[in-house]
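Peer 1:
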Amino acid sequence: MSGLNLNNVTKQFGTFTAVNDVSLSVPDGTFVCLLGPSGCGKTTLMRMIAGLDLPTHGSINLAGHDITEVPTHKRELGMVFQSLALFPHLTVGENIAYSLRIRGVGKEEQKKRVDELLAMIHLPGFADRSVSKLSGGQRQRVAIARALAISPKLFLLDEPLSALDAKLREAMQVELRQLQQRLGITTIVVTHDQREAMTMADTVVVMNGGEIRQAAPPVEIYRRPADSFVADFIGQTNLIPFSVDGAGRATVLGEAVEGLSVSQGAKGMLSVRPEDVQLTAPGHGAITGTVSFVRDLGGAIETFVEAGGQQIVAVSSPRNRPEVTVGQSVGIRLDPETSVVLAK
Amino acid sequence: MRREPPQRLGDYGPLFFPAGMLTVFFVVPFATMIAVSFFQREQGGFYQPAFVLDNYARFLSLFFGRVLGFSLMLAIAVAIACVVIGIPFTYLLSRSKRKIQILWLVALLSILSLSEVMIGFAWSTLFSRTAGLTNLFVWLGLMTQPQALTPSFGAVMTAMTYQAFPYTVLVLYPALVRLDPTLTEAARTLGASPVKAFFTVVVPALRNTILATLIMVFIFALGSYLLPQLLGRPQHWTLSVLITDQAIYQSNMPFAAAMAVFLVLVTLALVGLALYAGRQKEAA
Ligand SMILES: Nc1ncnc2c1ncn2[C@@H]1O[C@H](COP(=O)(O)OP(=O)(O)OP(=O)(O)O)[C@@H](O)[C@H]1O
Ligand SMILES: [Mg+2]
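Chains A and B supply the protein sequences, listed in that same order.
Going by our numbering, the first residue of the first sequence is number 2, and it counts up by one from there.
Going by our numbering, the first residue of the second sequence is number 4, and it counts up by one from there.
1) Specify, as a first and last residue, the run of the beta strand (DSSP E) that F32 (chain A) falls within.
2) For T44 (chain A), verify whether its CB is less than 6 Å away from any heavy atom of ligand 2.
3) Closer than 6 Å to a non-hydrogen atom of ligand 4 - does that hold for the CB of E77 (chain A)?
4) Thinking L35 (chain A) and K43 (chain A) are a contact (beta carbons under 8 Å), I'd like their distance in whole angstroms, please.
5) Tell me the rounded alpha-carbon separation between T187 (chain B) and V10 (chain A).
6) Return the residue from the list B:D57, B:D183, B:I79, B:L139 that minimises the CA-CA distance to Q83 (chain A).
7) Does DSSP classify T26 (chain B) as helix, strand or coil?
8) Alpha carbon to alpha carbon, how far is L112 (chain B) from M121 (chain B)? Give it in angstroms, no decimals.
9) At a cut of 8 Å, does the stretch 205–214 of chain A reach the stretch 169–179 of chain A through at least three beta carbon pairs?
10) Determine, for G194 (chain B), whether the minimum Cβ-Cβ distance to residues of chain A falls below 7 Å.
11) Is the beta carbon of H66 (chain A) within less than 6 Å of some heavy atom of ligand 1?
12) What do you reckon, is the C-beta of C41 (chain A) under 6 Å from a heavy atom of ligand 1?
13) Could you confirm whether any beta carbon from chain B is found closer than 7 Å to the beta carbon of L53 (chain A)?
14) Closer than 9 Å, Cβ to any Cβ of chain A: which residues of the stretch 200–214 of chain B, in chain order?
15) What did DSSP end up calling G123 (chain B) once you bin it into helix, strand or coil?
16) Which same chain residues end up closer than 8 Å to M36 (chain B) when comparing Cβ atoms and leaving out the 5 residues on each side of it in sequence?
17) S24 (chain A) lies in the beta strand (DSSP E); which residues open and close that run?
18) Please name the residue or residues paired with D297 (chain A) in a DSSP beta bridge.
19) DSSP beta-bridge partners for G290 (chain A)?
20) With DSSP run on the structure shown, which of helix, strand or coil describes M80 (chain A)?
21) Would you check whether ligand 1 has a heavy atom nearer than 6 Å to the C-beta of A146 (chain A)?
22) Less than 7 Å between CB atoms is the rule here; does R191 (chain B) satisfy it with respect to chain A?
23) Going by DSSP in three states, Q51 (chain B) sits in which element: helix, strand or coil?
24) So, E303 (chain A) versus V316 (chain A), is the Cβ gap smaller than 7 Å?
25) What runs of the alpha helix (DSSP H), each 4 residues or longer, lie entirely inside the stretch 78–123 of chain A?
26) Between the stretch 235–248 of chain A and the stretch 264–278 of chain A, can you find at least three pairs of beta-carbon atoms closer than 8 Å?
27) Assuming A167 (chain B) contacts V81 (chain B) (C-beta within less than 8 Å), just tell me the rounded distance between them.
28) How long is the line joining the alpha carbons of H123 (chain A) and S262 (chain A), rounded to whole angstroms?
29) What do you get for V27 (chain B), buried or exposed, if any count of 16 or more other CB atoms within 10 angstroms of its CB means buried?
30) In angstroms, rounded to a whole number, what distance separates the CA positions of R224 (chain A) and G107 (chain A)?
31) If you measure from the CB of H123 (chain A), is any heavy atom of ligand 1 nearer than 6 Å?
32) Can we count F156 (chain B) as close to ligand 1, meaning its CB is less than 6 Å from some heavy atom?
33) Per the DSSP calculation, N239 (chain A) is bridged to which residue(s)?
34) To the nearest angstrom, how far is the alpha carbon of Q148 (chain B) from that of M256 (chain B)?
35) So what does F156 (chain A) bridge to, in DSSP terms?
36) Any Cβ of chain A within less than 7 Å of the Cβ of L186 (chain B)?
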């Protein structure tokens, strides 16, 4: 079995379970984002992969070997910490060469590799600078170069971009993704920014309460969320209750909706993205509601509709500006293609 | 906060008090001592204002040279012993549970409340033949017969290290607590074993603190004059012992002052050298 495999990994701190029975398979060369709210166990999971914490139960395999008990320094990995943890007593070049020096690589070869990596991170000639005199983005790149110096089997980053301002962060996301694709290195990034995850990942792993809720490609996570937590956490969504009667007809907010793939007698939630909500004239089988608020954001118009005690948000582009005013009665049409039936 | 340099005399106001204290309690006594070191000694423990170099000339003998050399060597050895034991100890302490940290710090602070005399007598008992540690070793079967470990150089070193150790820990502790723990974790992910990470990251990152600690313990140990007398042979006596002896028992103030001035100058020179070396290393 190649790649990284987590098998029923659990981590307990005393009686508190930070990571609960997590299994995950990461094929070689993929880019995985661990995404979830604060305190959901992302860092803990990453620290176990790095060997900085031992799992309470379960095992971790890398390239077919059980590495659960292998100490960190023998795992041949590269990790970027949230605080970056650049060594303050070493220059940029010495920081990058640290892992080579530890392995007894010759001075000449160290210098060659450092120059290569500095070129890769677009900081040529920075080898003799002091790390304390770099800007945030430059320090970021140095930390990445340091982690990649030995061409590790696994590249781990814990919220690597959270200290950067929004603009630089977007640029670094793209850069990081391009770098990973060029090197073909298996990469796991922790983040709690869903845009960041969607930008970079092959696979997004959504976690909550120490458990994996869904692991899938970004578009699938967005289009086919597995449960209401994922639907709500990734982007904006409308969660609308539905019920199915004995004859298999689905009813949403008092109106029958055709074409939903639901079983008889079921009850649950529909997740409908705001851009998939169509506003029409009331009647003709559409759900009827009242416009309660309109927000024009320039690039998009958000219309808030009250229907059956539920607030539903519709987003339209300025080209399709809905001709509605607050207090007006409107119809809402749900497309069965884009309405996702959630178990809970 | 205002950052510009003081403009008027009044801006220096806050400095008057410490400057005054420093003048009264350091500059004046030290100047007096320098003056006395040039005075002429008279029979019966008196001295006359004069300007003679006899006191310094007498000092420049093989005997006093050896004592000075031994004093410096002892102080350096104590400083190194304290730092070598103190860094790993404080490092582990700073990484342990809060409760354990407080317990150790309180214990170390209580050593500070012991006077040099008490420490000296406690160790001389522990190193004695009749009631000492060797009896414990005999009981454990590690030795066949109890023996006296004092007077000896080892006994002097042990007691002085014991005495200076709390200061060492108290100076190192804040720096080690502030040291980002992810630095060692980063070193481990980069392939360094925990021990290697300690020596390649923790120790170099704390270079300035370590240098400051070495200097502090060195100066502290240089002033010790009771422990060498209680636990050492006459050849283990430091210059401080001789100064006390000259000043109090031989009533030769000018000579004692000359030795003290010389000791201060040598100490300052060594500290300056250490700081200079530290600066050079940093610039390199
Ligand atoms: N050493 C520890 N001892 C006890 N509890 C811990 C320890 N480390 C983490 N936890 C707890 O485990 C849970 C998960 O923590 P973790 O740091 O993995 O969260 P996270 O998903 O990385 O959050 P964030 O996005 O805020 O970084 C938290 O509730 C935290 O309080
Ligand atoms: Mg975290």
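Cβ coordinates follow ideal geometry from the N, Cα and C atoms, glycine included.
Please read these numbers as outputs of a predicted model, since none were measured by experiment.
Peer 2: In short:
1) As a first step, residue 32 (chain A) is located in the first sequence; it is residue number 31 there, counting from the start. Note, F32 (chain A): beta strand (DSSP E), 32–36.
2) For the purposes of this step, residue 44 (chain A) is taken as residue 43 along the first sequence, with counting starting at 1. Yes - ligand 2 has a heavy atom lying nearer than 6 Å to the Cβ of T44 (chain A).
3) Ligand 4 is not part of this structure, which contains only ligand 1 and ligand 2.
4) Counted from its first residue, the first sequence places residue 35 (chain A) at position 34. Counted from its first residue, the first sequence places residue 43 (chain A) at position 42. Right, their Cβ atoms sit about 5 Å apart.
5) Here residue 187 (chain B) is taken as the residue at index 184 of the second sequence, counted from 1. Here residue 10 (chain A) is taken as the residue at index 9 of the first sequence, counted from 1. Going by the C-alpha atoms only, they are around 25 Å apart.
6) Sequence index remark: in the first sequence, residue 83 (chain A) carries index 82 (1-based). Q83 (chain A) has its Cα closest to that of B:D183, out of B:D57, B:D183, B:I79, B:L139.
7) The residue labelled residue 26 (chain B) in the question sits at position 23 within the second sequence. T26 (chain B): helix per DSSP, three-state reduction.
8) Locating residue 121 (chain B) in the second sequence gives position 118, counting from the first residue. Locating residue 112 (chain B) in the second sequence gives position 109, counting from the first residue. Spanning the two alpha carbons is a distance of roughly 15 Å.
9) no
10) Indexing the second sequence from 1 puts residue 194 (chain B) at position 191. Judged by the 7 Å Cβ criterion, G194 (chain B) is in contact with chain A.
11) Position 65 of the first sequence holds residue 66 (chain A). Every heavy atom of ligand 1 is 6 Å or more from the Cβ of H66 (chain A), so no.
12) To locate residue 41 (chain A), count along the first sequence from 1; it is residue 40. Yes - ligand 1 has a heavy atom lying nearer than 6 Å to the Cβ of C41 (chain A).
13) Residue numbering aside, residue 53 (chain A) sits at position 52 when the first sequence is read from its first letter. With 7 Å as the cut-off, L53 (chain A) counts as an interface residue toward chain B.
14) A200, T203, V204, P207, A208, L209, R210
15) Position 120 of the second sequence, counting from 1, holds the residue named residue 123 (chain B). DSSP places G123 (chain B) in helix when its eight states are reduced to three.
16) Position 33 of the second sequence, counting from 1, holds the residue named residue 36 (chain B). Once the five neighbours on either side are set aside, the close Cβ partners of M36 (chain B) are A260, A263, V264.
17) Indexing the first sequence from 1 puts residue 24 (chain A) at position 23. Taken as a continuous stretch (DSSP letters only), the beta strand (DSSP E) holding S24 (chain A) covers 17–27.
18) Residue numbering aside, residue 297 (chain A) sits at position 296 when the first sequence is read from its first letter. DSSP lists A:I302 as partners of D297 (chain A).
19) Residue mapping note: residue 290 (chain A) aligns to position 289 of the first sequence, counting from 1. In DSSP, G290 (chain A) forms a bridge with A:V331.
20) Working through the first sequence from its first residue, we reach residue 80 (chain A) at position 79. Here M80 (chain A) sits in strand by DSSP.
21) One-based indexing of the first sequence puts residue 146 (chain A) at position 145. Result no, Cβ not under 6 Å from ligand 1.
22) Locating residue 191 (chain B) in the second sequence gives position 188, counting from the first residue. At least one chain A Cβ lies under 7 Å of R191 (chain B).
23) By one-based count along the second sequence, residue 51 (chain B) stands at place 48. Residue state, collapsed to three classes: strand.
24) For the purposes of this step, residue 303 (chain A) is taken as residue 302 along the first sequence, with counting starting at 1. For the purposes of this step, residue 316 (chain A) is taken as residue 315 along the first sequence, with counting starting at 1. Result yes, Cβ atoms of E303 (chain A) and V316 (chain A) sit closer than 7 Å.
25) 93–103, 108–121
26) yes
27) The residue labelled residue 167 (chain B) in the question sits at position 164 within the second sequence. The residue labelled residue 81 (chain B) in the question sits at position 78 within the second sequence. A167 (chain B) to V81 (chain B), Cβ: 6 Å. Contact.
28) For the purposes of this step, residue 123 (chain A) is taken as the residue at position 122 of the first sequence. For the purposes of this step, residue 262 (chain A) is taken as the residue at position 261 of the first sequence. Cα to Cα, H123 (chain A) sits roughly 52 Å from S262 (chain A).
29) Looking up residue 27 (chain B) in the second sequence gives position 24. Its Cβ having fewer than 16 others within 10 Å, V27 (chain B) is exposed.
30) Against the first sequence, residue 224 (chain A) aligns to sequence position 223. Against the first sequence, residue 107 (chain A) aligns to sequence position 106. The straight-line gap from Cα to Cα measures roughly 52 Å.
31) In the first sequence, counting from the first residue as 1, residue 123 (chain A) sits at position 122. No - ligand 1 has no heavy atom lying nearer than 6 Å to the Cβ of H123 (chain A).
32) The residue labelled residue 156 (chain B) in the question sits at position 153 within the second sequence. No, the beta carbon of F156 (chain B) sits no closer than 6 Å to any heavy atom of ligand 1.
33) Counting from one through the first sequence, the residue named residue 239 (chain A) turns up at place 238. Per DSSP, A:V273.
34) Position 145 of the second sequence, counted from the first residue, corresponds to residue 148 (chain B). Position 253 of the second sequence, counted from the first residue, corresponds to residue 256 (chain B). If I take the Cα positions, the gap works out to 47 Å.
35) Walking along the first sequence from the start, residue 156 (chain A) turns up at place 155. DSSP, once it has assigned bridges, lists A:G79, A:T188 as partnering F156 (chain A).
36) The residue labelled residue 186 (chain B) in the question sits at position 183 within the second sequence. Output row for L186 (chain B): interface = yes.
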